[in-house]
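A.B. asks: Sharing a structure below in structure tokens format, with a few things to ask.
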Amino acid sequence: MLIKTVFAGFGGQGVLSMGYVLAYAAMIEGLQVTYLPSYGAEVRGGTANCTVAVSNEEIASPIASTPDNVVVMNNPSLEKFQHQILTGGVMFLNSNLVEQRPVRGDIIVREIPCNDLAHTLGSDQSANMVMLGGFIQQTSLVRLESIQSAISDVFKEKKKAKEMNLKALNVGYDYMKNREENA
Amino acid sequence: MKRDEKPSLMRGSHIVAEAAVRAGCRYYFGYPITPQNELPEYMSRRLPEVGGTFVQAESEIASINMVIGASMAGARVMTSSSSPGISLKQEGISYLGGLELPAVIVNMMRGGPGLGNIAPSQSDYFQATRGGGHGDYRTIVLAPASGQELCDLTYRAFDLADHYRNPVLILADGMMGQMMEPVRFPVLRDVQKLPKKPWTITGAKGRKSHFIRSLILDPGQMEEHNWKLIRKYEQITDQEVQYETFKTEDAKLVIVAFGTAARIAKAAVKRARAEGLPVGLLRPITLWPYPKKALRELSKHAKHFFVFELNAGQMVEDVQLALKGDADVFFYGRPGGVVPNPAEIARIISRQFFQKEIV
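Protein sequence lines correspond, in order, to chains A and B.
For reference, each letter of the first sequence is one residue, going 255 to 437 in this note's numbering.
For reference, each letter of the second sequence is one residue, going 1161 to 1519 in this note's numbering.
Given below as structure tokens:
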């Protein structure tokens, strides 16, 4: 098993934290994991992305030329990554900020209104954790409890952020679960 | 070795910095350059916590000369940079060699030549293993291929440097520096309990003066100094070669690759093995001294060697020198900062078996 996921969006949307929390959770589960943030000139342009590879054996390359999953938080990311995603791969998109839809018919698209859901919690900046909750519910890449432990560890010094992130995670998770049950 | 119970998830540059601190490094001098700025950034915060000193020097040349000073005084000291910055440090590295001073130098290689780019490359192999500076000297060169190895080799580099009184170079690349992997650090060493160095310059009050110099005008004495260094290099060559082999026992074709390229190559070997092709991997961990004996040993049953590097062909020369024409050597490289995927390398392996009728 080797699953590569790209998280992409504007700088400040928390795309790097999303990837880091996922990688941390995979580490807790004893899986092999690599996390590669985008860096250099492209970072200064305002878009940010990172690639997380999770596997049960050694990971050769942390780079994903054809990712299994892509999480897009804004329009430019959709344009940039929709043609890289593997046939049969899954695109998670933040339906509040991404206006376009992928032109490809060979990929699965999952829409989550991350900003609306985060807003109901009174924490607009938690949209990323809402997305991560939905992502985990769909991919089962790691267990929900592992993500919760990861958040508790990563944000252990910021109690408020920790509580809010955990709430947002559950909201995203439940949103996808309910959609599945009602479908 | 006692290690932290819990793993940490950190980027390569931070891993190197923390491992250095754990090994007893208390002085860092450097000048910023992407893609390794996270290393000095980490040191600037971490060293004061353990009573160490961080200085952002005015240039690469200044920083390597500060390393010389701290090393003469007996400290465990490190500097780091990326390719063009390492070029600037070469004069100082030659001095470290001539003065027989321990120091750890980190090169997070980027694409070149010239200013190049900030993508991962392995194009400084010649510079690292042949010495980019002047004179008959050698640096021990360690090539990590994972987060854990970045940690363990950095930690060991300080012991090697002190033991042989010689500079040690960690040769990684932009990707290794940026990538995060779980790592379990060895516990912090007590600096007071490190082996004593009887040669340092710390003030001669109450003892005979120590004298460390590389200016030796008399050719006879200079020759003697050179032979002394060369005997030391022979001893290092005898005792410090490190490499990893993977599925080489029955291999008819052996890939030789280091660092990032070796990770890709290993995955390619697994793919080719799944196709039933008898292929293996030799991954040098020390680039100098080079695992020549291991290569010669493998050439008893493998007559085909495939060298894969993220450059236009540098380590391939060491493979050819080691094999002395006893086996076929094929090279494939991607220079300029491109990292190919394992499928590409696996295709080349299959093609080699087919074209060369390896059975």
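All residues carry an ideal CB built from backbone N, CA and C; glycine is no exception.
According to DSSP, is B:N1225 part of a helix, a strand, or is it coil?
C.D. replies: Here B:N1225 sits in helix by DSSP.
A.B. asks: For A:N310, name the three-state secondary structure that DSSP assigns.
C.D. replies: It is coil, neither helix nor strand.
A.B. asks: Can you give me the C-alpha to C-alpha distance between B:L1442 and B:F1286, rounded to a whole angstrom?
C.D. replies: Whole-angstrom Cα-Cα distance: 19 Å.
A.B. asks: Can you check whether the CB of B:Y1492 is closer than 7 Å to the CB of B:F1468?
C.D. replies: Yes, Cβ-Cβ distance for B:F1468 and B:Y1492 is below 7 Å.
A.B. asks: Is there a Cβ from chain B that is less than 7 Å from the Cβ of A:L395?
C.D. replies: So, not an interface residue.
A.B. asks: With distances taken from CA atoms, which of A:I257, A:I366, A:A280 is nearest A:R396?
C.D. replies: It is worth fixing the name first, because residue 396 of chain A is Val in this sequence and not Arg. Comparing Cα-Cα distances from A:V396 to each of A:I257, A:I366, A:A280, the minimum goes to A:A280.
A.B. asks: If I'm right that B:A1279 touches B:G1473 with Cβ under 8 Å, what's the distance once you round it to whole angstroms?
C.D. replies: With 8 Å as the limit, B:A1279 and B:G1473 do not qualify as a contact, their Cβ atoms being about 18 Å apart.
A.B. asks: Roughly how many angstroms lie between the CA atoms of B:V1232 and B:E1309, to the nearest whole one?
C.D. replies: Rather than Val, the amino acid found at residue 1232 of chain B in this sequence is Met. Computed Cα separation, rounded: 28 Å.
A.B. asks: Specify, as a first and last residue, the run of the beta strand (DSSP E) that A:A262 falls within.
C.D. replies: 256–264 is the extent of the beta strand (DSSP E) around A:A262.
A.B. asks: Under three-state DSSP, which class holds B:L1310?
C.D. replies: Helix, per DSSP.
A.B. asks: Using a threshold of 7 Å, state whether the C-beta atoms of A:F409 and A:V325 are closer than that.
C.D. replies: Not in contact: A:F409 and A:V325 (Cβ atoms no closer than 7 Å).
A.B. asks: Going by DSSP, what residue range makes up the alpha helix (DSSP H) through B:T1289?
C.D. replies: Its alpha helix (DSSP H) spans residues 1285–1290.
A.B. asks: Spell out a yes or no on whether the region 1341–1348 of chain B and the region 1317–1326 of chain B are touching, meaning 3 or more CB-CB pairs, one atom from each, closer than 8 Å.
C.D. replies: Output reads no: the region 1317–1326 of chain B does not touch the region 1341–1348 of chain B.
A.B. asks: In the DSSP assignment, find the alpha helix (DSSP H) that holds B:M1268 and state where it starts and stops.
C.D. replies: Not the alpha helix (DSSP H): B:M1268 falls in the beta strand (DSSP E), residues 1263–1269.
A.B. asks: If you measure from the beta carbon of A:S403 to each beta carbon in chain B, is any gap under 7 Å?
C.D. replies: Judged by the 7 Å Cβ criterion, A:S403 is not in contact with chain B.
A.B. asks: Suppose you measure from the CA of B:D1478 to the CA of A:M272; what does that come to, to the nearest Å?
C.D. replies: If I take the Cα positions, the gap works out to 44 Å.
A.B. asks: Are the region 1385–1398 of chain B and the region 1453–1461 of chain B touching by the rule of at least three beta carbon pairs closer than 8 Å?
C.D. replies: No, they do not touch.
A.B. asks: Give the DSSP-derived three-state secondary structure of B:K1215 in the structure shown.
C.D. replies: Inspection of the sequence shows that residue 1215 of chain B is occupied by Val rather than by Lys. B:V1215 falls in the strand class under three-state DSSP.
A.B. asks: For chain A, check one thing: does any of its Cβ atoms lie closer than 7 Å to the Cβ of B:R1494?
C.D. replies: Output row for B:R1494: interface = no.
A.B. asks: Between the beta-carbon of B:M1268 and the beta-carbon of B:A1332, is there less than 7 Å?
C.D. replies: Yes, Cβ-Cβ distance for B:M1268 and B:A1332 is below 7 Å.
A.B. asks: Evaluate the contact criterion for the region 1247–1264 of chain B versus the region 1403–1421 of chain B: three or more CB pairs, one atom per stretch, below 8 Å.
C.D. replies: As far as the Cβ criterion goes, the region 1247–1264 of chain B does not touch the region 1403–1421 of chain B, which means the pair count is below three.
A.B. asks: What is the residue span of the beta strand (DSSP E) that B:Q1338 lies within?
C.D. replies: Taken as a continuous stretch (DSSP letters only), B:Q1338 belongs to no beta strand (DSSP E), being part of the alpha helix (DSSP H) at 1334–1338.
A.B. asks: Which runs of the beta strand (DSSP E) spanning at least 3 residues fall entirely within the region 1345–1406 of chain B, listed in chain order?
C.D. replies: Correct list: 1403–1406.
A.B. asks: Can you tell which of B:R1236, B:M1335, B:I1372, B:L1389 has the C-alpha that lies nearest to the C-alpha of B:I1424?
C.D. replies: Comparing Cα positions, the closest option is B:M1335.
A.B. asks: Could you pull out every residue in the same chain whose Cβ sits closer than 7 Å to the Cβ of B:G1172, ignoring the five residues on either side in sequence?
C.D. replies: Same-chain partners within the cutoff: G1307, L1310, A1332, M1336, G1337, Q1338, M1339.
A.B. asks: Does chain B have any CB closer than 7 Å to the CB of A:P316?
C.D. replies: Cβ-Cβ to chain B under 7 Å: yes for A:P316.
A.B. asks: Along the region 257–273 of chain A, what residues have a CB closer than 8 Å to any CB found in chain B?
C.D. replies: Under the 8 Å Cβ criterion, the region 257–273 of chain A contributes no residue.
A.B. asks: Have a look at B:H1370 and B:G1258 and give me their C-alpha separation to the nearest angstrom.
C.D. replies: Straight-line Cα distance between these residues: approximately 16 Å.
A.B. asks: For chain A, check one thing: does any of its Cβ atoms lie closer than 7 Å to the Cβ of B:N1225?
C.D. replies: Cβ-Cβ to chain A under 7 Å: no for B:N1225.
A.B. asks: Give the DSSP-derived three-state secondary structure of B:Q1196 in the structure shown.
C.D. replies: Looking at B:Q1196 - three-state DSSP - the assignment turns out to be coil, as it is neither helix nor strand.
A.B. asks: How would you label A:Q354, buried or exposed, when you count the other beta carbons within 10 angstroms and need 16 or more for buried?
C.D. replies: Classification for A:Q354: exposed.
A.B. asks: What does a CB cutoff of less than 7 Å around B:S1527 pick up in its chain, not counting 5 residues either side in sequence?
C.D. replies: Any question about residue 1527 of chain B goes unanswered here, given that chain B covers just 1161 to 1519.
A.B. asks: Compute the Euclidean distance between the alpha carbons of B:T1405 and B:A1462, then round it to the nearest angstrom.
C.D. replies: Cα to Cα, the separation comes out at about 13 Å.
A.B. asks: Is the CB of A:A277 under 7 Å away from at least one CB in chain B?
C.D. replies: Judged by the 7 Å Cβ criterion, A:A277 is in contact with chain B.
A.B. asks: For chain A, check one thing: does any of its Cβ atoms lie closer than 7 Å to the Cβ of B:I1233?
C.D. replies: In the sequence as displayed, the identity of residue 1233 of chain B is Ala instead of Ile. By this cut-off, B:A1233 is not an interface position.
A.B. asks: Output, in chain order, the set of chain A residues within a Cβ distance shorter than 7 Å of B:V1499.
C.D. replies: Near B:V1499 (Cβ distances below 7 Å), the residues of chain A are S315, I317.
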